[in-house]
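Here's the structure we're looking at; comments come further down.
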Amino acid sequence: MKRDVLLYDVANPDQADLVLAAARLGLRPILAGPHLVPSARQANIDFLTWEELAPVDAGQRARRELESRRSSLVAALNRPEVRREFITRMGDVWPAVAPTLGAELSRILLHQVTTLIHLDAVRRQTNLSAIVLGCDNAPWQRAMTFAARKVNIPTLQLAHGINPPVLAHHAGDMYTVYADHVAVFGKRARESLIHSGNDPGRLHVTGAPQWDALYRDAARMDAREARRTLRLDPDRPVVLFAASYTGTASAYFYAHHHRQRACHDTFIRAADQLGSDVQILVRPHPHEVSRSGTPAGELAWLIENYQRRLSDTLGSRVTVVTTNKIESLRAADIVVFGAESTAIVEAMILERPVVVLPWVEGQPILYTSADGVVRVERDDDLFSTLHQLISQPMKRAEIVRRQNMALPDLHHVGDGQATQRVAELIARLALEARPAAQTDRRSA
Amino acid sequence: VAGHPASRRYLRLIEQCRRQPTYTPDGPVTLDRTVNPLASASAFISADVIQSILLTAGGIVVQIACASCGKAFASRQGTIAGIALGRHRCPACQHEVIIGPDEFDRAANRLQPMATLAEMVAMTNEASRITEHWYRHAPLDELLRFDEVPLGESAERFIVPLVTLGLLQIAARRSAA
């Protein structure tokens, strides 16, 4: 009987090859969400979907369960010992939190309980032997790790970044691994997680499956070819600004938005000063629209208006790119980042010199000049840095050489075989698993 | 164009547009709709139309007082490449406003506390302390379990922002006082 592996919140279409590799190793994937289904169908592999295994009344049952607890929960929340926890040196934060806590908690609990009912149904209908999580710290994902552990089903998180050094403790943040195991990009990611107190035995260095594509011949097109693909002049220099956005852990501090804007404007000013010969690409972060809650129908308007806004300053030599990531990186002579981004490593893998602007002062940095990247100390220095690098190909080549030396620390092996390593890890976990029998589930 | 036979039926309209550049077949429009909404230096609405800004992990929500009918409404503010850019439609009169980065920043500078790094660290630590303890008291700890799975503990990441926003409100009140 095939072992079933649930891929939950694995929403990156770049992970399609991982599904196929797992299937080749004799596993039957259970896919949650629509992202990986078309490629699995096209490859004609044996797979199930989380949705088809859902009990039709999961949501209703979850609502009934929570409704039955509502009055007790409200009373318990208002007990003095709970309220006392909200007293801080700044004052009592309860009055500010209370109006939103109830609604937010209801939403979270409903999602958690529905997910757990759903997971239970999946277990009953399949030979579930491992769970792979795209992320493990959203409330329902973390609840799933608890539920799985209870019945001896191993969980594996696919890391999607390298954590910078931690300055503040953020409960539930990514530097704590909640799944039983995590597949990390490289040595530095592993060390960062060990430094944050995670058990080294749970941290598996595999490389990033989504970066395998960067090692294929097709990704090594020359700059002129990449520029033609993007309808740019193949002979004029190109600078790419890989923009970031305020992530989930920092979004509510205006200082981060403020700095983000400053980085953006610093780049546009420098691009303006570089003169009309230099072509400019701006690439918004691919997750920004979905994370910012912008309705999908607004995307075209947003891009068009942003493009025209940039053109007010930079004319026709600026292009906003939202697709063609590899082509954009390969087309660029220099890639500028406004924040510590995982895409910095992507630019390094594709052998493009990286320039990073300063972030909020005092914030720990992840990629240093020892990695070969150029860290601009002051915003005002960006223009001179770019100007110098554009006119000095030898200097750019030297930066790439130094970046290449640092890559093994950031990305394991770099052979384009991370997908296979992660699939083999999943297979090992699934084959070694001894899930509790269904009848034993309640007592497990 | 006006001399073309096909344009004859529109002559009055063309004349009207020549006399009054803000005139359109849909009626006159206000200045905030005729200014090029893409020019970085132009303000489409006055910053004081934005009454409040809520920064959350799931995006920005702005509370706007409609410049046309006065109705206050909440709307999601888009961002692109890390800067604020979004359009908003009044649910009462359908008046549309565009909030660009300059308008957003002017309002945010007025409405949002600009915490230092040390303050951000202290607030995050404090919010995390609260988030990791509030659900641990009986009977709440039992009520927040389902099939032995601790739901309160699992929810930590999503509760931290709520508490941090509460702390920011206290900080804003203190600095205003």
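As you go down the protein sequences, you meet chains A and B in turn. Everything in the first sequence is counted per my numbering, starting at 3 for the first residue and increasing by one. Everything in the second sequence is counted per my numbering, starting at 1262 for the first residue and increasing by one. Just so it is clear, CB atoms sit at the ideal spot from N, CA and C, and this is done for glycine as well.
I'd like to know if the segment 256-271 of chain A and the segment 220-234 of chain A are in contact, where contact means that at least 3 CB-CB pairs between them fall below 8 Å.
no
CB of Gln44/A to nearest heavy atom of the ligand ZN: below 7 Å?
For the ligand ZN, the structure offers nothing, since it holds no ligand at all.
State yes or no: is the C-beta of Thr296/A within less than 8 Å of the C-beta of Gly1339/B?
yes
Rounded distance between the beta-carbons of Gly416/A and Ile351/A, thought under 8 Å:
7 Å
On a Cα-Cα basis, can you pick out the residue from Cys1330/B, Arg1390/B and Ala1437/B that is closest to Pro1352/B?
Cys1330/B
Please confirm whether Ser1336/B has its beta-carbon closer than 8 Å to some beta-carbon of chain A.
no
Classify Asn165/A: buried if its beta carbon has 16 or more other beta carbons within 10 angstroms, exposed otherwise.
buried
Check the Cβ-Cβ distances between Ile1341/B and every residue of chain A, and say whether any is below 8 Å.
yes
Give the DSSP-derived three-state secondary structure of Leu1426/B in the structure shown.
helix
If you run the structure through DSSP and keep just helix, strand and coil, what is Asp1363/B?
helix
Can you tell me whether Leu20/A is helix, strand or coil according to DSSP?
helix
For the segment 1333-1407 of chain B, list the alpha helix (DSSP H) runs that are entirely contained and at least 4 residues long, ordered along the chain.
1362-1372, 1378-1392 and 1401-1404
Below-8 Å beta-carbon distance, Glu342/A vs any chain B residue
no
Are there 16 or more other CB atoms within 10 angstroms of the CB of Ala78/A, so buried, or fewer, so exposed?
buried
In this structure, does DSSP put Ser313/A in helix, strand or coil?
helix
Just the chain B side, please: which residues come within less than 9 Å of His162/A by C-beta, in chain order?
Going along chain B, no residue has its Cβ under 9 Å from His162/A, so there is no contact; the nearest lies around 15 Å.
Output the boundary residues of the alpha helix (DSSP H) element that contains Thr116/A.
Trp96 to Gln127
Alpha-carbon to alpha-carbon, Ile47/A and Leu427/A
20 Å
Short of 9 Å Cβ to Cβ, which residues in the segment 228-250 of chain A face chain B?
Phe243, Ala245, Ser246, Tyr247, Thr248, Gly249 and Thr250
Which residues of chain B have a Cβ atom closer than 7 Å to the Cβ of His172/A, listed in chain order?
Thr1385, Ser1389 and Val1421
Pick out the complete alpha helix (DSSP H) segments inside the segment 311-396 of chain A, 4 residues or longer, and give them in chain order.
327-333, 345-351 and 384-393
Arg71/A: contacting residues in chain B (beta-carbon distance under 7 Å):
Leu1404
Taking C-beta pairs closer than 8 Å, name the residues in chain B that Ala149/A reaches, listed in chain order.
Asp1408 and Val1410
Whose Cβ in chain A lies nearer than 8 Å to the Cβ of Ala1432/B?
Met92
Return the CA-CA distance between Gly374/A and Leu384/A, expressed in angstroms with no decimal places.
17 Å
To the nearest angstrom, how far is the alpha carbon of Pro355/A from that of Gly1427/B?
42 Å
On the criterion of 16 or more Cβ atoms from any shown chain inside 10 Å, does Asp2/A qualify as buried, or is it exposed?
Since the first residue of chain A shown is 3 and the last is 446, residue 2/A is not available in this structure.
Throw me the rounded Cβ distance for the Ser246/A and His287/A pair, which I believe falls under 8 Å.
6 Å
Option nearest Val95/A by Cα separation, candidates Ala1333/B, Ala1388/B and Pro1362/B:
Ala1388/B
Through-space distance from Glu193/A to Val7/A, alpha-carbon basis:
28 Å
Classify Arg5/A as buried or exposed, calling it buried when 16 or more other Cβ atoms lie within 10 Å of its own Cβ.
buried
Report the three-state DSSP secondary structure of Phe243/A (helix, strand or coil).
strand
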